[in-house]
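Residue numbers (the working numbering), protein chains in the order written: chain A, 51 to 196; chain B, 51 to 196; chain C, 51 to 196; chain D, 51 to 196. In this text, a Cβ means the ideal position worked out from N, Cα and C, and glycines have one as well. No experiment lies behind these values; they were computed from the predicted model shown. A short worksheet on the structure shown next.
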């Protein structure tokens with residue numbers, strides 16, 4: 051299991067502060083693994099809303115999450131504030147992959163890095179090409195240095 | 051993004067019934083992605099307890115989760131009962147990977163399949179070889195057909 | 051703060067087994083307070099579904115939760131199974147109060163007892179008398195000995 | 051069921067901003083009831099830490115939550131930011147009651163108001179008088195106008 055070195059803040063953009071909650075810590079006194087995914091989900095939703103991508107309602111494009119994952123580099127726990135940075139790492143015909151780095155308080159090195167792979171589907175539930183306006187909005191998340 | 055076909059119940063063992071809760075559904079009316087990870091975490095903990103692997107207290111070996119992930123094949127939602135099957139897919143010197151398949155109600159095909167990669171660490175936090183008795187217990191999770 | 055003695059299983063009906071999850075425990079090694087409310091919510095939703103009361107979709111009557119509460123008598127924690135019993139303690143013109151007792155494993159004395167007070171509202175959001183068929187279904191939850 | 055009118059920001063102190071998460075919304079598109087309790091729990095923990103009251107470790111005084119409750123006045127949902135204000139409404143010999151008001155974004159009227167009643171217990175688990183230094187710290191939470 052080769053360890054990938056953790057990313058830094060410069061690898062991500064669009065930072066949002068996500069404070070932890072008492073209940074986020076599990077019995078080990080650190081953030082439970084599922085909480086990281088919930089924070090990543092939140093960063094992703096905030097970013098999509100910020101880009102004007104509807105995530106709700108009958109007009110919203112439908113994105114299925116087909117895969118998620120997270121690598122853990124360092125521990126975090128309540129009352130830490132996590133800072134979530136985001137990048138769109140892959141933008142395909144009907145699918146895209148958003149990656150989120152979570153940084154604890156002032157740290158420049160990520161405590162965790164996760165992703166969601168999403169597929170745009172049509173009314174029949176089958177993969178469908180991303181509409182042009184959504185593609186344009188998603189492409190704003192591509193990292194400058196990529 | 052090549053899709054891996056979903057596994058079936060025969061690929062896993064040690065099934066546990068994990069009923070969903072009202073709050074597990076998010077605004078889309080389906081299980082939130084983080085909930086799957088929480089169910090996988092629960093299946094893993096129940097299995098380790100069942101094998102006599104201490105997960106708490108000063109005597110407990112310390113396993114760091116270094117990576118988690120989940121692939122989603124089909125939707126599930128409250129009040130579905132998810133059935134979690136488990137297998138130890140990799141058993142290395144100091145690390146191991148546990149995979150969990152989640153099956154909705156009577157379905158034989160997994161709705162989601164996830165994993166936790168864990169590393170045994172010593173008191174100094176550095177990776178340390180798995181103790182023999184824990185290795186023996188973990189090896190009971192290896193799939194018969196592997 | 052006068053302590054009310056805990057209820058017993060005979061005070062409730064319609065039991066459902068709700069297994070705990072690893073993540074339900076907080077840093078103190080016991081179920082977090084919010085988890086009890088989530089289990090009570092689940093017991094309530096399962097019971098309403100069982101009684102044929104729609105809780106979703108355009109046809110569903112709209113019940114606003116105006117108050118919730120929980121008294122804690124004893125500790126519980128993963129991997130305990132909680133058994134939720136329910137009763138409809140009050141059934142008014144437009145409002146009703148559902149109480150849920152949570153019993154740990156084989157215990158006959160409740161570890162926690164909580165309630166939701168709900169008000170039926172019309173399309174304008176104002177309280178509206180409970181429709182007859184819903185009143186009839188809710189009244190099945192009244193405790194026999196009340 | 052007499053409705054108590056909602057409080058305003060002036061009824062509380064020690065405000066903290068608690069952003070909502072995508073997963074906080076349940077299927078109805080609003081914050082799930084258990085989430086409010088989790089936010090109240092967080093506000094309480096942040097305040098106790100801020101007052102120098104240890105909430106962890108072998109030195110920490112042990113406070114059992116004996117009752118919690120919440121009244122709901124208005125709806126809230128992701129991506130709202132909730133602002134939690136706090137007051138210590140009762141300070142007895144061994145017990146105290148902390149109340150938290152949750153205000154949505156710029157609202158001056160509480161969307162929800164909840165409480166935790168806690169009892170200080172000794173090593174034997176029986177109620178024990180609050181130590182003087184903790185009493186002094188808790189009394190800082192008493193509302194000025196009370």
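Check                                                                                                                                   : Outcome
Residues of its chain near residue 168 of chain B, where Cβ-Cβ distance is below 8 Å and the 5 sequence neighbours each way are ignored : 113, 114, 115, 116, 145, 146, 147 and 148
Residue 87 of chain D: contacting residues in chain C (beta-carbon distance under 7 Å)                                                  : 83, 84 and 87
Alpha helix (DSSP H) segment containing residue 98 of chain B, residue limits                                                           : 83–100
Cutoff 9 Å: residue 181 of chain B Cβ touching any chain D Cβ                                                                           : no
Below-9 Å beta-carbon distance, residue 206 of chain A vs any chain B residue                                                           : No information on residue 206 of chain A is available, as it lies outside the stretch 51 to 196 that chain A covers here.
Min CB distance residue 97 of chain C to chain A below 9 Å                                                                              : no
Alpha carbon of residue 72 of chain D to alpha carbon of residue 92 of chain A, nearest angstrom                                        : 5 Å
CB contact flag (residue 152 of chain A, residue 99 of chain A, <9 Å)                                                                   : no
Close Cβ partners of residue 33 of chain D (< 8 Å) along its chain, the five nearest in sequence each way excluded                      : Here chain D covers residues 51 to 196 and nothing more, so residue 33 of chain D does not appear.
Residue 109 of chain A burial status per 10 Å Cβ neighbour count (16 or more: buried)                                                   : exposed
Residue 157 of chain B in three-state terms, based on DSSP                                                                              : coil
Residue 186 of chain C in three-state terms, based on DSSP                                                                              : helix
Cβ shell of residue 119 of chain B (< 7 Å), same chain only, five flanking positions each side left out                                 : 164 and 165
Contact set between residue 107 of chain C and chain A, taken where Cβ atoms lie within less than 7 Å                                   : Chain A residues near residue 107 of chain C: none, gap ~15 Å exceeds 7 Å.
Residue 172 of chain B at chain D interface by Cβ criterion, 9 Å                                                                        : no
Members of the stretch 61–78 of chain D near chain F, C-beta cut-off 8 Å                                                                : In summary, chain F is missing from the structure at hand, where the protein chains are A, B, C and D.
Distance between residue 192 of chain B and residue 51 of chain B (C-alpha atoms, nearest Å)                                            : Its pLDDT being 44, under 50, residue 51 of chain B is placed unreliably by the model, and the measurement read from it follows with that caveat. Approximately 28 Å, taken between the alpha carbons.
Of the listed residues D/158, D/185 and D/157, nearest to residue 140 of chain D (C-alpha basis)                                        : D/185
Residue 137 of chain B in three-state terms, based on DSSP                                                                              : strand
beta-carbon residue 81 of chain C near the ligand HEM non-hydrogen atom, thresh 8 Å                                                     : Within the structure as shown, the ligand HEM is missing, as the structure has no ligands at all.
Supposed contact pair residue 171 of chain A and residue 177 of chain A - C-beta distance, whole angstroms, cut 8 Å                     : 6 Å
Residues of the stretch 115–141 of chain C whose Cβ lies closer than 9 Å to any Cβ of chain B, in chain order                           : 128 and 129
Any chain A beta carbon closer than 9 Å to residue 100 of chain B                                                                       : no
Residue 68 of chain D versus D/55, D/59, D/182 and D/130, residue with shortest Cα-Cα distance                                          : D/130
Nearest candidate by alpha-carbon position, reference residue 125 of chain D, set D/181, D/174, D/86 and D/60                           : D/86
Whole-angstrom C-beta distance between residue 121 of chain D and residue 54 of chain D, which should lie under 8 Å                     : 6 Å
Under the three-state DSSP convention, the category residue 59 of chain D falls into                                                    : helix
Whole-angstrom C-beta distance between residue 63 of chain B and residue 175 of chain B, which should lie under 8 Å                     : Not a contact, Cβ separation roughly 32 Å.
Burial state of residue 70 of chain A (16 or more Cβ within 10 Å)                                                                       : buried
Chain A residues whose Cβ lies nearer than 8 Å to that of residue 91 of chain B                                                         : 82, 83 and 84
Residue-level contact to chain C via CB, residue 152 of chain B, 9 Å cutoff                                                             : no
Sub-9 Å separation of residue 159 of chain C and residue 79 of chain C beta-carbons                                                     : no
Start and end residues, beta strand (DSSP E) containing residue 73 of chain B                                                           : Note, residue 73 of chain B: premise wrong, no beta strand (DSSP E); not H, not E.
Nearest residue (CA-CA) to residue 173 of chain D, options D/150, D/133 and D/111                                                       : D/111
C-beta atoms of residue 150 of chain C and residue 188 of chain C nearer than 9 Å                                                       : no
Alpha-carbon spacing of residue 157 of chain D relative to residue 132 of chain A, whole angstroms                                      : 26 Å
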